[in-house]
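Taking it in order: structure first as structure tokens, then the write-up.
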Amino acid sequence: MSNSSFNGELIHFNGTRMRVTGSGFLQLFLRSLDDVNNIQLASITLQNSTNREPFVLANFIDQNAQLEIKTTGIDEVFNISKITIYVKPMATGYPM
Amino acid sequence: MPGTFIIRPTSIISGGVPVRVGGVAPFAGGWESNTGTLQSILDALLSDVDIENLVGSMILQAANATFTDTIRLSLGGNSIYLDGSLAPIDLTSLPAGFIVTAASLMILADFIPPPPYPPVDGTSTFNIQQATGNNGTLNADTFVYFPILGIADMLGNGIGLKVDLQVDSGGTGDPVVGIFYNFRIEGTYDTLPFVWTIDTPPPINQGDCITMTSDPLDPNALIFTDLTDFTFSYTDNDGVTQTGVPESIVATTNSLVFCLPVGFDPTADGVTFNAILDATPSPIPIVLGTLAVLHPNTSGIYTLTLNKTNDTLYDRDTDDTVDVKIPNPFVRTGYVGG
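As you go down the protein sequences, you meet chains B and R in turn. Going by this note's numbering, the first sequence opens with residue 1, and the numbers climb by one from there. Going by this note's numbering, the second sequence opens with residue 1001, and the numbers climb by one from there.
This is the structure we're talking about:
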């Protein structure tokens, strides 16, 4: 669990941007605690060199989420040096 | 579509000794397969006709002597004959939705001398076995499978023939002989009308996850939440049917995801997935399907190599190496939120 300024608020995870190079297709997932809720984001086509940091939209609401990044093909590799996750609190919590 | 099947043994796992092939001279006790052309015990038990030169038999000719033995037989490999076909198939070639509706283990048994039985100078008894230690009724040539097992369970259990011969004190001559042949499982099968698809394309690897779905708009769609007791089965390199339990099973109404463990060693025949359908009046074991395996019978030693982007396995069948994907490498961030 991260040590953040959030305290049970429902958060809208609306995108991620990353500095990534490699080859193949990078698959992105947002997963809640215990993977109860999850979504798959659009894949990123990897390049060995690029001047762009791709932004991938998301639409996921939960109290917590982690970003999973993986490849599933042979000889696919990725090298990530920076990840930014864009979030915005949208509710103080679930109804009591 | 209903039909019939016969399963015949494919190899001897244990027992069957001492054995004498051919010859007519008395011997103290043991198995004898025919008196003429050379035939093995397995051939004798596979024969569906009782001719003198092709029998599985025991001869005992000494007073106060006993001979007991159990022959355990494997049903792995091409052992299944569907609808009277003479060409056997294996577990992985069965049609999807295959279910056993009735099955019995059967053998043909004769005794020498002919009636009166039991022989006046001794006793000759036998049991047929659906699994190790699971004996049928003494001297019964039929043993009904009840409750009905799935085909993978029946194959994995194998079958057995247990004999117990005894000659009374003062017995003479050829008092105790049993002749056995045509040892098989006979039964009926059906294929379920339910419709589903395996979305994961073959070939698969150990550790892979398999996805199956059914069309929610199809009235015959298989409801995956009605399934329990998921297993997978395969034939190992000894020709024996092995069974395992998949991991990370997630079943919803119209989708099923499960993962294979690592560390089992299937042959090129592939892996078959089985489950129990919670049906009325009784649960039904069904075959969900079979997928080919990418690289059967492989082994590996991990060596960390800079910039290497795949795993390399040693193929024990061909002595070559094969490159396979690293199983889905991933990273996860910490949780955002609180």
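Think of the CB as a built atom: it goes at the ideal place given N, C-alpha and C, for glycine as much as any other residue.
| Check | Outcome |
| --- | --- |
| Between the CA atoms of R:Val1167 and R:Gly1030 - distance to the nearest angstrom | 13 angstroms |
| Whole-angstrom distance between R:Gly1150 and R:Asp1311, CA atom to CA atom | 36 angstroms |
| Proximity of B:Leu67 and B:Leu57 at Cβ, strictly below 9 angstroms | no |
| Option nearest R:Leu1045 by Cα separation, candidates R:Pro1147, R:Ala1065, R:Gly1016, R:Thr1066 | R:Gly1016 |
| Beta-carbon proximity of R:Thr1290 to R:Gly1270, cut-off 9 angstroms | yes |
| R:Ala1152 (DSSP reduced to helix, strand or coil) | helix |
| Length of the line joining the Cα atoms of R:Cys1259 and R:Ala1268 | 19 angstroms |
| Contacts of B:Gln40 in chain R (Cβ-Cβ under 8 angstroms) | Ordered by position in chain R, no residue passes the 8 angstroms Cβ test against B:Gln40, which lies about 13 angstroms from the chain. |
| Proximal residues, the region 49 to 72 of chain B versus chain R, C-beta separation under 8 angstroms | Asp62, Gln63, Asn64, Ala65, Gln66, Leu67, Glu68, Ile69, Lys70, Thr71, Thr72 |
| From B:Leu10, B:Asn59, B:Leu33, B:Asn48, residue whose alpha carbon lies closest to that of B:Phe25 | B:Asn48 |
| Classification of B:Lys82 by the beta-carbon crowding that lies within 10 angstroms, buried from 16 upward | exposed |
| Length of the line joining the Cα atoms of R:Ile1148 and R:Ala1279 | 13 angstroms |
| Endpoints, the beta strand (DSSP E) within which B:Phe91 is located | Correcting the residue identity first, residue 91 of chain B is Ala in this sequence and not Phe. Residues 77 to 91. |
| Status (buried if at least 16 other CB within 10 Å, exposed otherwise) for R:Lys1162 | buried |
| Under 8 angstroms by beta carbon: chain C residues contacting B:Gly93 | Within the model displayed, chain C is absent; protein chains B and R are what it includes. |
| CB-CB length for R:Ala1143 against R:Gly1136, believed under 8 angstroms | Looking at the sequence shown, residue 1143 of chain R is not Ala but Phe. About 3 angstroms; that satisfies the 8 angstroms criterion. |
| Local Cβ density within 10 Å of B:Gly73, reported as buried at 16 or more and exposed below that | exposed |
| Three-state class that DSSP yields for R:Ser1014 in the structure shown | strand |
| Nonlocal neighbours in the same chain, by C-beta distance under 7 angstroms from B:Ile85, ignoring five residues either side | Phe13, Thr16, Leu67 |
| Alpha helix (DSSP H) segment containing R:Asp1043, residue limits | 1041 to 1046 |
| Nearest-angstrom Cα separation, counted from R:Ile1204 out to R:Pro1285 | 23 angstroms |
| Within-9 angstroms CB hit, B:Arg17 to chain R | no |
| Coil, strand or helix - R:Ser1079 by DSSP | coil |
| Cβ-Cβ separation, R:Ile1159 to R:Ile1210 (assumed contact under 8 angstroms), whole Å | 30 angstroms between Cβ atoms; not a contact. |
| From R:Asn1254, R:Gly1244, R:Leu1042, residue whose alpha carbon lies closest to that of R:Leu1075 | R:Leu1042 |
| Chain-order list of residues whose beta-carbon lies under 6 angstroms from that of R:Leu1194 (same chain, five-residue window excluded) | For clarity, residue 1194 of chain R is Phe in the given sequence; the question names Leu instead. Counting only Cβ-Cβ distances below 6 angstroms, and skipping sequence neighbours, we find Asn1220, Leu1222. |
| Residue-chain proximity (R:Asn1328, chain B), Cβ-Cβ < 9 angstroms | yes |
| Reduced DSSP category for R:Thr1318 - H, G, I as helix; E, B as strand; rest coil | coil |
| N- and C-terminal bounds of the beta strand (DSSP E) containing R:Tyr1335 | Element bounds for R:Tyr1335: n/a, residue is neither H nor E. |
| Boundaries (first-last residue) of the beta strand (DSSP E) holding B:Gly15 | 10 to 31 |
| Under 8 angstroms (Cβ pairs) to chain B, residues found in the region 1298 to 1310 of chain R | Thr1309, Asn1310 |
| Chain R contact for B:Leu33 (CB, 9 angstroms cutoff) | yes |
| Rounded C-alpha distance that separates R:Ala1087 from R:Thr1010 | 13 angstroms |
| Bridge-paired residues (DSSP) for R:Ser1124 | R:Leu1165 |
| Between the CA atoms of R:Ile1326 and R:Ile1301 - distance to the nearest angstrom | 14 angstroms |
| Inter-stretch contact at 8 angstroms, needing at least 3 Cβ pairs: the region 5 to 12 of chain B / the region 28 to 36 of chain B | no |
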